[in-house]
Amino acid sequence: MTVMVRVPTPLRKAVGGARDVAAAGPTVGALIEDLERQFPGIKDRLCEEDGVLRRFINIYVNGEDIRYADGVETPVKDGDELSIIPAVSGGAGRSSESIRRWTL
Amino acid sequence: MVPPTASDRVARQNRSRENPLLTSMFVSRILGLKCRECGARRRLEATHVCDECFGPLEVEYDYDVIREIVSPDRIARGPRTIWRYRDLLPVEGESVVDIGAGMTPLLRADNLARRLGLRELWIKNDSVNPSYSFKDRVVSVASTRARELGFRVLSCASTGNLACSVAAHAARAGMRACVFIPAGLEAGKILGAAIYGPTLIAVDGHYDDVNRLCQEIADRFEDWAFANINLRPYYSEGSKTLAFEVAEQLGWRAPDHVVVPIGSGSLFTKLWKGYNELLKVGLIANGPPRMSAAQATGCSPVITAFERGDETIVPVRPSGIAKSLALGNPADGYEVIKLIKRSGGSGAAVADREIVDGIKLLAETEGIFTETAGGVTIAVLRRLVESGAIRPDESTVAYVTGNGLKTQEAVAREVEAPVSIPAAFSAFERVWRERELTGAR
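Going line by line, the protein sequences match chains A and B.
Residue 1 in the working numbering is what sits at position 1 of the first sequence, and the numbering runs on without skipping anything.
Residue 1384 in the working numbering is what sits at position 384 of the second sequence, and the numbering runs on without skipping anything.
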């Protein structure tokens, strides 16, 4: 499954300046692991030390917030578009439910 | 080297005021941008996200400097707009984009207070700003900053009121405007934005879709100033003036309790910041107030989390008539919940029927016609008084943030149609007698 990942400005240094990069995997979590293989260190930018996605990161598959779907378990297919977008402000809090859904 | 004292910095600032060549150096009361999460600092540029942790950036001030220059007299000598509080706003130059936002009435609402069982109730009527909502405050600051930073295009993701205000300020500033709204908005908001001549884009989706799209556009169109995205640290500061004004209009004191409608939650967090700044610089001696949040049940992610006793916002798909508050994934929701608890406030969500009743109650008791967001505020005020969350002896301010003429659809069927008569005295007399007999209006 190859997916185009749209990279926001604050993350571009971590991917050599590219605005879009390709990643492969069956779920959003797997795509992030693949990005880490290609660009070591990027996972640390996206996740806290315990592997939970950072509070201020929103991820969308084809424009759909993965919080409406299955979090990092949300499936992806060939040709999908993944957008990583910093929340405009406060972001989500952390409950046991959100930690489960957001941990890689 | 000895670091400069506050008075050194004030002296330097006064010198820069006298000498226009030094104006560009006049940044001493504003220190820069600071990440609310990790504390990392940035220069005062058009950015809203921390490079380190993606946390939100906020403007950081030197309150020692501000305390030395600000005073009730100095403010009273200022213009009758939000710019009387410029010492506490994040702009550097002297020239501002001003269509007259601010200094709206703070009305003592004794009729409504009696009806609800409150001793001292005030309505901050921000529906009478130039583009008919409180958004003129934030956009006046954002457009001023956008011009200072050299932008030529002003944009925003809006539920309607912001689009009206951005288009109006862009017209005044001689900037191009391109504003984004969700499809299906009220006619008054579409016309209220379109009249200023912007490019008006209606996106097929909810506000949250519009917001996501605009963030992607802002990321690629780096020469555009999005009021509530890349200029958000400056934009949001404009909301503090709703705390400053209320305190000034009450004779430099904070009320005991405020009720605030929640869209993104930015207004709520900035009111808190505003009241706390007044304390810090010595303009008030009491407060901050207890702060209560108002949402509609059609979109109440903040109240749902608050009532669950949780800080996790679960995004929702909005529905219902309160479209200006229809943000299913509120940017500052998490912060609002923390501040409700910290301030000792409360919150409630109300159904569409209660919102309409709230609009009518405010109109019929105090002569103020507000939009659905104001109906939410009044309905929640009523609920919180009934539940005891607002005590009868608390001086309370309800923030009414938008104008009823923009959401006529919500109440069009709730009012009596005019009685049509021929131009004859007898015809009128018959109608009036009949009404006196039946007790109808």
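Just so it is clear, CB atoms sit at the ideal spot from N, CA and C, and this is done for glycine as well.
None of these values were measured; they are calculated from a predicted model.
Contact set for residue i: own chain, Cβ-Cβ below 8 Å, skip 5 residues either direction
i: Gln1013(B); result: The predicted position of Gln1013(B) is uncertain, since its pLDDT is 48 and thus under 50; a value taken from the coordinates is nonetheless stated next. Closer than 8 Å at the Cβ level, and outside the excluded window around Gln1013(B), lie Phe1026, Ser1028, Arg1029, Val1065, Ile1069.
i: Leu1089(B); result: Ile1082, Trp1083, Val1141, Glu1237, Gly1238, Lys1240, Thr1241
i: His1048(B); result: Pro1056, Leu1057, Ile1229, Asn1230, Leu1231, Arg1232, Pro1233
i: Cys1299(B); result: Val1316, Pro1318, Ser1319, Gly1320, Ala1322, Leu1325, Ala1326, Leu1327, Gly1328
i: Pro1392(B); result: Gly1117, Leu1118, Arg1119, Val1385
Own chain, CB closer than 6 Å to residue i, minus 5 neighbours either side, in chain order
i: Val1258(B); result: Pro1289, Met1291, Val1397
i: Ile66(A); result: Val28, Ile59, Thr74
i: Leu1031(B); result: Glu1060, Asp1062
i: Ser1264(B); result: Leu1327, Pro1330, Ala1331, Asp1332
i: Val5(A); result: Val21, Ala23, Leu82
i: Gly1100(B); result: Thr1081, Pro1130
i: Glu33(A); result: none
Pair within 9 Å by beta-carbon distance, residue i and residue j
i: Glu1311(B); j: Tyr1334(B); result: yes
i: Val1246(B); j: Leu1381(B); result: no
i: Ala1322(B); j: Asp1352(B); result: yes
i: Ala1076(B); j: Ala1225(B); result: no
i: Ile1355(B); j: Gly1375(B); result: yes
i: Asn1211(B); j: Val88(A); result: yes
i: Arg1119(B); j: Gly1282(B); result: no
i: Tyr1399(B); j: Leu1267(B); result: yes
i: Ser1343(B); j: Leu1250(B); result: no
i: Val1302(B); j: Val1350(B); result: no
i: Ala1348(B); j: Ser1324(B); result: no
i: Phe941(B); j: Gly1402(B); result: Only positions 1001 to 1441 of chain B appear in this structure, which leaves residue 941(B) out of reach.
i: Asp70(A); j: Thr2(A); result: no
i: Thr1407(B); j: Gly1184(B); result: no
i: Asp1126(B); j: Arg1108(B); result: no
i: Ser1143(B); j: Ala1170(B); result: yes
i: Met1175(B); j: Leu1149(B); result: no
i: Arg1043(B); j: Val1091(B); result: no
i: Gly1404(B); j: Thr1365(B); result: no
Distance cut-off 8 Å: residue i Cβ against heavy atoms of the ligand ATP
i: Lys1406(B); result: Here there are no bound small molecules, and the ligand ATP is not part of this structure.
As assigned by DSSP and simplified to three states, the class of residue i
i: Ile1123(B); result: strand
i: Arg37(A); result: helix
i: Glu1307(B); result: helix
i: Cys1053(B); result: coil
i: Ala1218(B); result: helix
i: Asp1393(B); result: coil
i: Ile1337(B); result: helix
i: Trp1224(B); result: strand
i: Ile32(A); result: helix
i: His1048(B); result: coil
i: Val1203(B); result: strand
i: Asp1098(B); result: coil
i: Glu1294(B); result: Note on identity: in this sequence residue 1294(B) is Ala, with Glu being the wrong assignment. Reduced to three states, the DSSP call for Ala1294(B) is strand.
i: Asp44(A); result: helix
i: Asp1208(B); result: helix
i: Ile1368(B); result: coil
i: Glu1058(B); result: strand
i: Ile1378(B); result: helix
i: Pro1198(B); result: coil
i: Tyr60(A); result: strand
i: Leu11(A); result: helix
i: Asn1276(B); result: helix
i: Gly1032(B); result: strand
i: Tyr1132(B); result: coil
Cutoff 7 Å; reference residue i; Cβ partners in own chain excluding five residues on either side
i: His1206(B); result: Pro1182, Arg1317, Pro1318, Ala1326, Gly1328
i: Ala18(A); result: Val7, Arg12
i: Val1419(B); result: Val1431
i: Asp1098(B); result: Thr1081, Trp1083, Ser1140
i: Arg105(A); result: Summary: the structure shown does not reach residue 105(A), with chain A confined to residues 1 through 104, and so no result is reported for it.
i: Asn1276(B); result: Pro1288
Are the stretch 76-86 of chain A and the stretch 1079-1091 of chain B touching by the rule of at least three beta carbon pairs closer than 8 Å? no
Contact residues within the stretch 1043-1075 of chain B, judged by C-beta distance below 8 Å to chain A: His1048, Val1049, Cys1050, Asp1051, Cys1053, Phe1054, Gly1055, Pro1056
Count the CB pairs spanning the stretch 1032-1040 of chain B and the stretch 1055-1062 of chain B that are closer than 8 Å, and state whether there are at least three. yes
Compile a chain-ordered list of the residues in the stretch 1187-1216 of chain B whose CB is closer than 9 Å to at least one CB of chain A. Gly1205, Asp1208, Asp1209, Asn1211, Arg1212, Leu1213, Gln1215, Glu1216
Could you list the residues in the stretch 1403-1420 of chain B with a C-beta less than 7 Å from some C-beta on chain A, going in chain order? none
Under 7 Å (Cβ pairs) to chain A, residues found in the stretch 1143-1174 of chain B: none
Contact list for the stretch 47-67 of chain A against chain B, Cβ threshold 7 Å: Arg54, Phe56, Ile57, Tyr60, Gly63, Asp65, Arg67
Answer yes if the stretch 1121-1130 of chain B comes into contact with the stretch 1197-1206 of chain B, meaning at least three C-beta pairs across the two stretches below 8 Å, and no otherwise. no
Cβ pair count under 8 Å reaching 3, the stretch 1144-1164 of chain B against the stretch 1427-1439 of chain B: no
Using a beta-carbon distance cut-off of less than 9 Å, what residues from the stretch 1227-1252 of chain B approach chain A? Asn1228, Ile1229, Arg1232, Ser1236
Counting only Cβ-Cβ distances shorter than 7 Å, please list the residues of the stretch 1304-1335 of chain B near chain A, keeping chain order. Asp1310, Glu1311, Thr1312, Ile1313, Pro1315, Asn1329, Ala1331, Asp1332, Gly1333, Tyr1334, Glu1335
When Cβ atoms are compared, which residues of the stretch 4-32 of chain A fall closer than 8 Å to chain B? Arg6, Pro8, Thr9, Pro10, Arg19
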